[in-house]
Every structure is written in structure tokens, then in C-alpha cells.
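Residue numbers (the numbering used here), protein chains in the order written: chain L, 35 to 256; chain P, 35 to 256. Note that beta-carbon positions come from the ideal geometry of N, C-alpha and C, so glycine has one too. Please read all numbers here as calculations on a predicted model, not as lab measurements.
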DNA sequence: GGTTCGCATCAAGGCGTCGTCAGGAAGTTC
DNA sequence: GAACTTCCTGACGACGCCTTGATGCGAACC
């Protein structure tokens, strides 16, 4: 979540309320910083004050809409309906006038997040040269045909695929798939990596996508 | 577009304004008629007054959200924030208090329609080789004849059909159909999936559309 | 060259999960 | 109040997954 406002007390109040409800909060005090923070932080919703010191709020909306469909909720002291129309038509999702009730804002945030969660869902597919992993549907296909994985096999592959390109430590894999008590059972990893390779790799004994980093962990190479 | 309000002058004003802007407008004067009109007319947005004569507006929202993600914009004379929170959390997309500015409402309508145009892609009728599920009408047909399902059976099938192609976790099914306290009663799932298969699958013991993913959940394959 | 350690592979047993059938309790309809 | 539907619960067999042990291989180190 990204909060953009130039009034420190508003930012502070929002940060406290939102953090308490489990959101992780980024903040920005002007439009330029807002666009940068949005690009780097990938927030799942943006709360934007229209009265910023550097650029017009409408331009910030347009700058965001150029590359993302993240929900934007506008906060503004202007009650004139022309402002609302302008902001909404620029691409904002909602418009709340100051002073606002915190519980109403939170409800509108929930509504916005819920909508975008529904819209999402389709595009979580990781592809390699020999197979594809659909993280949303929990499906793996190889040469077009679906490959059946057991829960443990899928648990491993999911973590590796979500961290594709990065090294994942043995301990992390063991703890997330088997639980904190199994952090040392590295034998499990060998057995299940072998099974995954047998099911997915063209040459299971010379893996190209499920790579061992000796002594450290494993890496998924798309 | 569906306009639901019991005050004729509001309905009339909206109809004129919206028709002039190219929307085709359906109207309803109470909640029962609204649900029927929504099911039959498949509007792409609903404008809903909360103060209806027959049922509570929140129930209308819930009734719609049971089978459709159509944008719902609530109109209400109540300014209390508790009302707003309740309506938004029930599934409304926006909340506008009367009296309202027509251009603001129109801007909010445009925003809602724009969002849902991006999201789209969801169909109310799911077809398989051996049966069809009509999510809007809550009906299942097999070889042209309607198959009677119990409420629990329908609850299961609805979730699976809405997530067709995707794996749905056992826990999610149990929590959404039976409630949060039943997240571990996996036996229920076995019993009811067997019943659904007996009613819908050509070979209930070799299911093709209601597939078990052992240890993880179930999947609807269209 | 021998030893040790980490990794890969195979095989087998135990046990948890799944599907199925059936019976009883609670609620609904006429 | 009887007949019916729906939901919950228990029992049981079958299958498949997880675990575990044994063995082989290669690299690093002494």
C-alpha cells in the first residue's frame, strides 16, 4: 500500500491505522516520489492526495495508469464535483473528500483490494524450455500434457518457481514445505528433487532448470 | 445498466440522463424485482438504492454477489459511515449519498465500467462435455434435463465452477460452504463430491470433470 | 591413493487419504 | 403425523504418498 500526501499528520494517521490492520505501508510526500515509490514498491493499492506540492494529482494518476492497473483511491479537500469527475476520468478508482471517516476509507480500501484480487488470478505462469508452471491453477504441463505432482512435489516446485532465478537455501525449502522441525532433513530434498527432475527435466541426470547449488540449496532456472 | 430505486422521480431522472448517454436502462422498484431483472437482463452495472420497500439493500448486494461480479454502485440517503461500511463490505463497489450530483455519479459509473471491462472474462454459464452449469440461474442441466442439487451440493459445485481449471484447496471449499469452523472436516468433501459425481459424471468412479488432487483439493475441468 | 562428505538414485514398508455404502437425526412438505 | 429430503457420521477396503534405508558416485581434503 502506498500513501501519498504532503500533510505529515494525515500520512501519520493513515500509516498507524493501516499498519495496525496488517497492510505494509509505503509513503511519499510529492508526486515525483510517488511515481518512483510505486514503480519500486509494487503496492497493491494507492491512496493519493490531489493537493501535492510539485505536480497536479491528475498527472500522477495518468503517470500510474500508463503502466499499472493498481487501484487508486483519491483523497481530496476539494468537494467540487468537477474535480471528482476529472480525477475519476483520469483513472482513479474512488474519490473520498476530506475530512473523511477512517472506517469508511478502510471499507473503500477493502472494496478496491477485493476487486483487484478478483481481476488478477490469471497470469501467474512460469515457463521454461521444457515445461510450464501455472502457479494460480497449480498445474504443470510438459509438451502440452498435464503432469501430476504430489502435494510435496508441488510445494517444492512452487517455492522454487516463485523465487525463479534466485538461490533458495535448503533450510528455507525444508521449513516451508515440511515445517520448522525438519530444517536438517536434507535427504528429503534429494529424494523429491530427483522425482521432480524425473517428471519435468528432459535429461533428469543433467538438470537444466532445477539446479543444485552444492552446499547451499537449489535454484529454478526459467 | 440496471437502476433499482423505489422513488419514481429518481428512476426517471436517471433513466433520462443515462439513456441520453447511450446506456440501455433497465429499472426495478424493489429488491425482488432487482434480482430477477439482474439475472435476466445481465446488466453491466447496477445502481442500487439501499432503502427498498421489501428487502434490505445489503441482502440485494449479497444476492447479486452470489453469482456475479457486476459493478454495484449504491445510492443512499443515509450518511452514517456504518451504513457505508456495511454496504461496501457486502460487496458494493461504490457508495454515493443523496442528494448527489449527476455528473459525479456518471463519472463514478464510468470508472466502475472501465474497471470491469478490464477484469471481465467471466461467463455465467460453464459447459462441459456431459453437463452445463448456469451460475446465474443456479441450475444444472445434463443431456438437456435439469438435475436437482441440494443446497450443499450446489455450494460446492458453484465454487468449483467459478474457479474452473484452477485447483481449489480443501480448506477453502470447507470454509466457504460449511463455515470457518469446519476447515478440517475433509470427510464432508468426499461424501458430497461422490454425490455430485454420481449425479453429473458419465462414469462416477472415473471422474473427468470433478477431479481430485490428492492431498490438496479438487478441480473443475470444463 | 585413501578417506570423508554431500549428492543422486532405487526400493520397500507403513500409514494416511480417498471413495463408497449405509444408517440415523433433523428439518420440511403435504 | 407420515413421507420425504437433506445432512451428518461411522466403517472398511484400496491405493498412493511419505518416509527411511541401502548403495553408488564424484569432489575435496589430507
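Pull up the distance between the alpha-carbon of residue i and that of residue j, whole angstroms please.
| i | j | result |
| --- | --- | --- |
| residue 220 (chain L) | residue 208 (chain L) | 8 Å |
| residue 187 (chain P) | residue 249 (chain P) | 21 Å |
| residue 115 (chain P) | residue 122 (chain P) | 10 Å |
| residue 155 (chain P) | residue 158 (chain L) | Caution is warranted here: a pLDDT of 49 is assigned to residue 155 (chain P), below 50, making its placement in the model unreliable, and no coordinate value can be reported. |
| residue 50 (chain L) | residue 41 (chain L) | 15 Å |
| residue 17 (chain P) | residue 58 (chain P) | Outside the shown range of chain P (35 to 256) lies residue 17 (chain P), about which nothing can therefore be said. |
| residue 257 (chain L) | residue 170 (chain L) | Outside the displayed range of chain L (35 to 256) lies residue 257 (chain L), so it cannot be described from this structure. |
| residue 39 (chain P) | residue 113 (chain P) | 17 Å |
| residue 125 (chain L) | residue 66 (chain L) | 18 Å |
| residue 183 (chain P) | residue 64 (chain P) | 28 Å |
| residue 92 (chain P) | residue 120 (chain P) | 7 Å |
| residue 160 (chain P) | residue 75 (chain L) | 38 Å |
| residue 86 (chain P) | residue 36 (chain P) | 15 Å |
| residue 163 (chain P) | residue 256 (chain P) | 7 Å |
| residue 140 (chain P) | residue 211 (chain L) | 50 Å |
| residue 223 (chain L) | residue 201 (chain L) | 14 Å |
| residue 132 (chain P) | residue 60 (chain L) | 34 Å |
| residue 232 (chain P) | residue 166 (chain P) | 15 Å |
| residue 102 (chain P) | residue 96 (chain P) | 10 Å |
| residue 230 (chain P) | residue 238 (chain P) | 9 Å |
Per the DSSP calculation, residue i is bridged to which residue(s)?
| i | result |
| --- | --- |
| residue 184 (chain P) | Bridge partners of residue 184 (chain P): none, in fact. |
| residue 201 (chain P) | P:253 |
| residue 22 (chain L) | Since the first residue shown for chain L is 35 and the last is 256, residue 22 (chain L) is missing from the structure and cannot be characterised. |
| residue 166 (chain L) | L:161, L:175 |
| residue 131 (chain L) | L:110 |
| residue 36 (chain L) | L:60, L:80 |
DSSP on residue i, reduced to helix/strand/coil?
| i | result |
| --- | --- |
| residue 161 (chain L) | strand |
| residue 173 (chain P) | strand |
| residue 60 (chain P) | strand |
| residue 110 (chain P) | strand |
| residue 220 (chain P) | helix |
| residue 226 (chain P) | helix |
| residue 210 (chain P) | helix |
| residue 237 (chain L) | coil |
| residue 215 (chain P) | helix |
| residue 126 (chain L) | coil |
| residue 242 (chain L) | coil |
| residue 138 (chain P) | helix |
| residue 41 (chain P) | coil |
| residue 232 (chain L) | helix |
| residue 144 (chain P) | helix |
| residue 55 (chain P) | coil |
Using a Cβ-Cβ cut-off of 9 Å, state whether residue i counts as contacting chain P.
| i | result |
| --- | --- |
| residue 175 (chain L) | no |
| residue 135 (chain L) | yes |
| residue 47 (chain L) | no |
| residue 188 (chain L) | yes |
| residue 109 (chain L) | no |
| residue 211 (chain L) | no |
| residue 102 (chain L) | no |
| residue 73 (chain L) | no |
Taking Cβ positions only, does residue i come closer than 9 Å to chain L?
| i | result |
| --- | --- |
| residue 78 (chain P) | no |
| residue 129 (chain P) | yes |
| residue 29 (chain P) | Given a span of 35 to 256 for chain P in the structure shown, any question on residue 29 (chain P) remains unanswerable. |
| residue 115 (chain P) | yes |
| residue 35 (chain P) | no |
| residue 199 (chain P) | yes |
| residue 178 (chain P) | no |
| residue 161 (chain P) | no |
| residue 91 (chain P) | no |
| residue 247 (chain P) | yes |
| residue 118 (chain P) | yes |
| residue 192 (chain P) | no |
Problem set entry | Any alpha helix (DSSP H) of 4 or more consecutive residues that is wholly inside the segment 67-114 of chain L | If we require 4 residues or more, the alpha helix (DSSP H) runs fully inside the segment 67-114 of chain L come out as 91-99.
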